[in-house]
Every structure is written in C-alpha cells, then in structure tokens.
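Trainee: Counting in the numbering used here, the sequence shown runs from 533 upward without gaps. Ideal placement from N, C-alpha and C gives every residue a C-beta, glycine not left out.
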Amino acid sequence: MKAGYYQFAPSLFDKRGNLEKVSEKLGTADADLIVLPEFFNTGYTFSSAEEAAVQAERIPGGETTELMAAIARKKNMFICGGLPEDDGGVLYNSSVLVGPGGYIGKYRKVHLFYNEKKYFKRGDLGYPVFDMGGTKASMLICFDWFFPEAMRSCALSGAQVILHPTNLVMPYYQSASVTRALENRVFIILSNRYGKEENKGIVYNFTGASRIVTPTGDIIVSSPADKDDLRTAFIDPSLALNKKLNEMNDIFKEI
Ligand code: ACM
Numbered sequence: 533m534k535a536g537y538y539q540f541a542p543s544l545f546d547k548r549g550n551l552e553k554v555s556e557k558l559g560t561a562d563a564d565l566i567v568l569p570e571f572f573n574t575g576y577t578f579s580s581a582e583e584a585a586v587q588a589e590r591i592p593g594g595e596t597t598e599l600m601a602a603i604a605r606k607k608n609m610f611i612c613g614g615l616p617e618d619d620g621g622v623l624y625n626s627s628v629l630v631g632p633g634g635y636i637g638k639y640r641k642v643h644l645f646y647n648e649k650k651y652f653k654r655g656d657l658g659y660p661v662f663d664m665g666g667t668k669a670s671m672l673i674c675f676d677w678f679f680p681e682a683m684r685s686c687a688l689s690g691a692q693v694i695l696h697p698t699n700l701v702m703p704y705y706q707s708a709s710v711t712r713a714l715e716n717r718v719f720i721i722l723s724n725r726y727g728k729e730e731n732k733g734i735v736y737n738f739t740g741a742s743r744i745v746t747p748t749g750d751i752i753v754s755s756p757a758d759k760d761d762l763r764t765a766f767i768d769p770s771l772a773l774n775k776k777l778n779e780m781n782d783i784f785k786e787i
C-alpha cells in the first residue's frame, strides 16, 4: 500500500480555500491512502463555542465529508482527515475515513487539549477499527498520543495502521511516535500542520514534521517543520500482525 500524508497550514475559517487546496493537491497525488491534519478544513484556533458551531458539519453528510468521498472515489484512494463535527448542536473534534466506496466511518477525539474542552464534547465512540481495503485501521487525533492506552486499545482491537491527524503545539510526539509504534507494533501516519495561528489574542505555533513510522520504529518518511509537504511511502500492513519481538516475547501475550 502506498500511504502518505499532506502537511500544510490551513487558513483559519477559510473552509472554501482549504478544501480547494486539498482537492487540488490530492488530485495530483499518487497514493492508496492520504492522511490530512486535524481540523484541516477550518483551522484550529476557535475562541468560542459559537465560532466552532459555525464551522462544524454533520458527519456523514456535511460538505467536507462529501468532498473527501468524491475525491476518494475519483482517485480510488482512502482519505482520512480531521474536522469539527456538529451532531444536533453537540460539537466534537472528529476525524473521518472515506474510501473508493464512499464514507467508511468516524472517530471522536477522546482527549481534548486545553481550550478544546470549552467548545467540544469528549469523544463517545471508543476506539473503533475500520476495514480499509483488507487492512485494519484506527484513527486517533492529536493529544490522544499522550495517553498510551488509546493507541493500545486500537492495536488490541486489531488495528494495523493508526491514522493520526494532528495540530501539535508541543514538540514531543514526533519522537514519541517511535515509542508508540514500537510498543504496539503498528504503523503510524502522523499528519501534522505547521504555521502560526492567531484569533482574538489566542496564539498557537504548530510544529509540522509529519512522518510515517513502522512497527519496528523506523521513520520511513518525514517532513520539515514549516513547509507544505505531500509524502508517501510503501508500507506492508501485514508486518503489524506480528507482535513477536523474538521467539520468547510476543508483546500482546505478556499483558
Ligand atoms: C492538540 O491536541 N491539537 C494539541
């Protein structure tokens, strides 16, 4: 499977511009799977629940999910990306997986970071595993990485590939993802954004440096901290089925 990510700097509240940019870039991509950052369609820095509500969409059925599904169908690829979700007036920080056959599923971020707690409800869907053309995949969103049990839950449920949209403001996960991949023996596709965003005195600096990490902890592609970058690499998801470090240590049989 040729898997990848598109790192860029979404413009705050410019949904049309962000969706156009992603459509154009993915239109030229040669890949079976592309992961987009957290809140890739709207930007991140909400200053109120009202602002978030204006941007949030139904999943499935909203404009962003529909567009992602149309690209996925046309390009015969899987696409995962993060967006604010509106479920009958309740907002979630969610991610979506679509494929050549349309909408596949969604995940709602469990570990909300900082101000997100003011605007979004904690995810209530657990850590679902989805079938991605014969490969098992789960989604996590950004700060979920800080809680090892989140990725462990996905891996114990059979996920081979972790699709991980992020808007990282701390610099740790780019290296910590090696440990997460190793301890679960899964692939991680870490799709981060970069750039500075400011809204009503709230300022974030995002750390870029997206990457793909293998079950043996190898970083097979990585990006700079401050540039648009679409990267792909061939991965063999069947490698994530082997939880043996050696003849004596099967890491999922020791717990
Ligand atoms: C984060 O969870 N977006 C830092």
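What span of residues does the alpha helix (DSSP H) with L773 cover, start to end?
Mentor: It is not in any alpha helix (DSSP H) - L773 carries neither H nor E in the DSSP assignment.
Trainee: Tell me whether E617, by its Cβ, gets closer than 7 Å to a heavy atom of the ligand ACM.
Mentor: Checking the Cβ of E617 against the ligand ACM gives no.
Trainee: Does DSSP classify M664 as helix, strand or coil?
Mentor: Strand, per DSSP.
Trainee: Are the Cβ atoms of P660 and Y635 separated by less than 8 Å?
Mentor: No, they are not a contact pair.
Trainee: For the alpha helix (DSSP H) that contains I603, what are its first and last residues?
Mentor: Unbroken alpha helix (DSSP H) run through I603: E595 to K607.
Trainee: Kindly list the residues whose CB is nearer than 7 Å to the CB of A541, restricted to its own chain and excluding five residues on each side of it in sequence; keep chain order.
Mentor: Result list for A541: R725, Y726 and G727, in chain order.
Trainee: Do you know how far the Cα of E589 is from the Cα of E595?
Mentor: If I take the Cα positions, the gap works out to 7 Å.
Trainee: Per DSSP, Y538 forms a beta bridge with which residues?
Mentor: Bridge partners of Y538: L762.
Trainee: Looking at the secondary structure, which residues open and close the beta strand (DSSP E) in which K638 lies?
Mentor: Taken as a continuous stretch (DSSP letters only), the beta strand (DSSP E) holding K638 covers G634 to R640.
Trainee: Are there 16 or more other CB atoms within 10 angstroms of the CB of R654, so buried, or fewer, so exposed?
Mentor: R654 comes out exposed.
Trainee: Mark D676 as exposed unless 16 or more other C-beta atoms lie within 10 angstroms of its C-beta, in which case mark it buried.
Mentor: Buried is the call here.
Trainee: Would DSSP call Y704 helix, strand or coil?
Mentor: Here Y704 sits in coil by DSSP.
Trainee: Could you work out which residue in F679, Y651 and A669 is closest to I566 when comparing CA atoms only?
Mentor: That would be A669, whose Cα lies nearest to the Cα of I566.
Trainee: Classify A741: buried if its beta carbon has 16 or more other beta carbons within 10 angstroms, exposed otherwise.
Mentor: With 16 or more Cβ atoms within 10 Å of its Cβ, A741 is classed as buried.
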